[in-house]
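A.B. asks:
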Amino acid sequence: MLNKKVADIFRNIAHILEIKGDNPFKIRAYLKAADSLENVTEDLEDVEREGRLAQIEGIGKDLAAKISEFIGFDRIKYYDELKKEVPGGLLDLLSIPGVGPKTAKLLYDKLKIADINTLEKYAREGKLRNLEGLKEKTEENILRGIELVKKGRERMDLGTAFITADKFISLLQDKPYVKKISFAGSLRRMKDTVRDIDILISSAHPEKVIDDFTRVEEVKSILNKGDTKSAVLTGDGVQVDLRVVPDNSFGAALLYFSGSKAHNIKLRQLAQKKGLKINEYGVFRARSVEDRAKAIAGKTENEIYKLLGMPFIEPELREDNGELEAALKNKLPVLINSDDIKGDLHMHSLYSDGHYSIKDMANAALKKGYDYVALTDHSIALKVANGLDLAALKRKRLEIEKLNKGLKIRILFGTEVELDNDGNTDYSDKVLSEFDIVVGAIHSGFRQPKEKITKRLIKACRNRHIDIIAHPTGRLWGVRDAYEVDFGAFFKAAADTGTFLEINSFPTRLDLNDVNARHAKESGVKIAISTDSHHIAQLDFIRFGVAVARRAWMTKHDVANTLSLKELMRVKKK
DNA sequence: GCCGTTTTCGGCCCGACTGTTTTCAGTCG
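If you use UniProt numbering, the first sequence closes out at 574, no skipped numbers anywhere.
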């Protein structure tokens, strides 16, 4: 995707400038612009055509020109020139924890090291310790860092991250010196993937808390350990960071530690204009002598936002995507909550590839407080998932009719119907017309060109029987990337035809993602948040789908399955 | 390189930890 490509180039330019020792603020401008571009919901080509590039946060005249240049010529001359000065492999060195621009430059200038393998060789041979300002300890750290990089400390999906985070929190929360505890960072902001897990604790005895932390049984190695913070690595290679602060600083620290960085920077700038200073210990009068006892605020996040003249901002919104401006005008959306969800519209039973009966799935949904649930087993063409033939459909239908007489939840007769390479369904119109809910889905032909996939999805929108399109971009974390779609055209078709688009809550899918979902909302598309459960325990994944919707600024009115069954049946197609 | 209710120049968030020093630079979040 173009936005991502340009963002990556800007990030590379920033890294090259760092190594060159260029103006740090210029470097920050490139990094800020890169972050900003990744949050732009529209395609940059459209924004450029309408001359709105410079309206993007962090993009000025100069960077707008560079984006235009890339759109027109598929290259940026300035970037090409820079690359000649700094060999490509040198940028890879920056991915090693502990190696920054200064060290990378030193290694290249003195020893002509420009890739990770060469660096490893020199470090093993003890050839780094003769460099100025670098001794054995740093050599060891570099080797340890390289080991981490080689292990591929990738980002992990939210589900995996929460398993580790919950474990640490449950083991630490009852320790005698722990007063308050919370996870923070991108996990608290519910980003779809996270790199490490951040935990914040308030305590009067930080050293004892940090001792307990480093002794948690999952800890395999200690990366660092200071008076108030520490970082460890688990056996699974997950990094967990801990910060300990006094109890009256908990709110300020939670704010700081939750980020995002861009949100914090802007918040601190706002504070500066009011003659205040925010750090992780609280809010202070900027001119007074540093005295942490004299914080004006800091116990809770809420009082800090209030002091700056705005309401509380939910962590999911803290990406510097306009949330601070909206908060100052008191125009933040009332975000959807898990409690707003009235039913789940995508799940499987024993009829296809699920692991529980329809009755079990329905009872589990009832326990979650739902009013309705759609059992959308696979259709006949998806043989690997035991897709239902007409005889099986009949049996399933009769079973549902029978169950509906005795249960306090309404079971909807549904299907997840295959969309073939041209966007046609494998069930006939007549068969489709008998379902309460039809979910259309792509499970093959992911590599079609953008135009073809877009046409296929639009055709599905125009099918009068298809109520919802499941996992609209096909991405599966760690397996395959999303296919290319012309989102502008696709979302317009969905909005025009009243087709709901799914936010699939499976943590390895989360599809639509936050940025696309916000684009869909802005295009007038109605969303269905579903779990795609194959197991009763997976119904709880709904919180991840809701999180995506919250990150997309959605209220309950943007989401179809917050409606009562009666309302849902009224607003859906047909 | 961006940005503006201290506005077109002169600012740009703030602090902890480590390793190397003898007061600090580099890195990280």
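Cβ atoms here follow ideal geometry from the backbone N, Cα and C, with glycine treated the same way.
Note that the coordinates shown come from a computational prediction; the quantities given were computed from them, not determined experimentally.
Between which two residues does the beta strand (DSSP E) holding I278 run?
C.D. replies: First-last of the beta strand (DSSP E) with I278: L276 to N279.
A.B. asks: Taking I400 as the reference, which of G387, F435, I71 and Y305 has the closest Cα?
C.D. replies: Checking every option, the nearest Cα to that of I400 belongs to F435.
A.B. asks: For F312 and V515, I'd like the C-alpha separation in whole angstroms.
C.D. replies: Approximately 22 Å, taken between the alpha carbons.
A.B. asks: With distances taken between CB atoms, is the gap from L419 to T473 smaller than 8 Å?
C.D. replies: The answer is no: Cβ separation not under 8 Å.
A.B. asks: Given D532, which residues of its chain have a CB within under 6 Å of its CB, disregarding the five upstream and five downstream residues?
C.D. replies: Same-chain partners within the cutoff: H346, N504 and F506.
A.B. asks: Have a look at E132, D109, T138 and K110 and flag the residue whose alpha-carbon is nearest the alpha-carbon of A123.
C.D. replies: Checked all of E132, D109, T138 and K110; the closest Cα to A123 is T138.
A.B. asks: Buried or exposed for A470, going by 16 or more other Cβ atoms inside 10 Å?
C.D. replies: With 16 or more other Cβ atoms within 10 Å, it is buried.
A.B. asks: Which residue from T41, S36, V149 and S221 puts its Cα closest to that of G58?
C.D. replies: Per the Cα distances, S36.
A.B. asks: Determine the contact status of S202 and D247, defining contact as a CB-CB distance below 8 Å.
C.D. replies: Closer than 8 Å, so yes.
A.B. asks: Starting from L457, follow the alpha helix (DSSP H) in both directions and report where the run begins and ends.
C.D. replies: Its alpha helix (DSSP H) spans residues K450 to R462.
A.B. asks: Between L510 and F544, is the Cβ-Cβ spacing less than 8 Å?
C.D. replies: Yes. Within cutoff.
A.B. asks: How many Å lie between L476 and A441 at the Cα?
C.D. replies: Approximately 14 Å between the Cα atoms of the pair.
A.B. asks: Taking G414 as part of the beta strand (DSSP E), name the residues at either end of that continuous run.
C.D. replies: Element bounds for G414: R410 to E418.
A.B. asks: T164 lies in the beta strand (DSSP E); which residues open and close that run?
C.D. replies: Run containing T164: none in the beta strand (DSSP E); it sits in the alpha helix (DSSP H), L158 to L172.
A.B. asks: Using 8 Å as the threshold, is the C-beta distance between R155 and R318 below it?
C.D. replies: Not closer than 8 Å, so no.
A.B. asks: Would you decide whether E416 is buried or exposed? Buried here means 16 or more other CB atoms lie within 10 Å of its CB.
C.D. replies: By the neighbour-count rule (16 or more Cβ atoms within 10 Å), E416 is buried.
A.B. asks: Can you give the beta carbon distance from K208 to Y177, rounded, assuming they're within the 8 Å contact cut?
C.D. replies: Confirmed, about 5 Å.
A.B. asks: Starting from the Cα of D115, find the closest Cα among E217, G89, E125 and E50 and give me that residue.
C.D. replies: Per the Cα distances, G89.
A.B. asks: Only counting the same chain, and skipping five residues up and downstream in sequence, which positions put a Cβ closer than 8 Å to that of D8?
C.D. replies: Excluding residues within five positions, the ones whose Cβ falls inside 8 Å are A34.
A.B. asks: What residues are listed by DSSP as bridge partners for G440?
C.D. replies: G440 pairs with V417 and I469.
A.B. asks: Just curious, the alpha helix (DSSP H) that Y372 is in, first and last residue?
C.D. replies: No alpha helix (DSSP H) holds Y372; the beta strand (DSSP E) holding it covers Y372 to H378.
A.B. asks: Enumerate in chain order the residues of its own chain whose CB-to-CB distance from S379 is below 8 Å, with the five nearest sequence positions on each side excluded.
C.D. replies: Closer than 8 Å at the Cβ level, and outside the excluded window around S379, lie G387, L388, T415, E416, V417, E418, T425, D426 and Y427.
A.B. asks: Taking the beta carbon of E451 as the centre, do at least 16 other beta carbons fall within 10 Å, making it buried, or is it exposed?
C.D. replies: The residue in question, E451, is exposed, as its Cβ has fewer than 16 Cβ neighbours within 10 Å.
A.B. asks: Starting from the C-beta of R195, find all residues in its chain whose C-beta is less than 6 Å away, skip the five residues before and the five after it, and write them out in chain order.
C.D. replies: The answer, listed in chain order, is R155.
A.B. asks: Can you grab the Cα-Cα spacing for the pair L352 / L375, in whole Å?
C.D. replies: Sequence check: residue 352 is Ser here, not Leu. Computed Cα separation, rounded: 10 Å.
A.B. asks: So what's E147 in DSSP terms, helix, strand or just coil?
C.D. replies: Here E147 sits in helix by DSSP.
A.B. asks: Out of M554, E125 and D192, which has the shortest C-alpha to C-alpha gap to N337?
C.D. replies: Here the closest residue by C-alpha is M554.
A.B. asks: Can you give the Cα-Cα distance for A528 and A520, rounded to whole angstroms?
C.D. replies: Approximately 12 Å between the Cα atoms of the pair.
A.B. asks: Please name the residue, chosen from I56, T41, H348 and A297, that lies closest to A29 on a Cα-to-Cα basis.
C.D. replies: That would be I56, whose Cα lies nearest to the Cα of A29.
A.B. asks: Going by DSSP in three states, V525 sits in which element: helix, strand or coil?
C.D. replies: Of the three classes helix, strand and coil, the one that applies to V525 here is coil, per DSSP.
A.B. asks: Does the distance from the C-beta atom of I210 to that of S182 stay below 8 Å?
C.D. replies: No. Outside cutoff.
A.B. asks: Among L119, V244 and I358, which has the Cα closest to the Cα of Q173?
C.D. replies: Per the Cα distances, V244.
A.B. asks: Flag this pair as yes or no: are the beta carbons of R464 and K573 separated by less than 8 Å?
C.D. replies: It is a contact, given that the beta carbons lie within the stated cut-off.
A.B. asks: Give the straight-line distance between the Cα atoms of L171 and L53, rounded to the nearest whole angstrom.
C.D. replies: Computed Cα separation, rounded: 49 Å.
A.B. asks: Report, in whole angstroms, the separation of the C-beta atoms of A262 and K32, which I expect to be a contact under 8 Å.
C.D. replies: Sure, about 7 Å apart at Cβ, within 8 Å.
A.B. asks: Out of L233, V525 and A549, which has the shortest C-alpha to C-alpha gap to F490?
C.D. replies: Minimum Cα distance to F490 is reached at V525.
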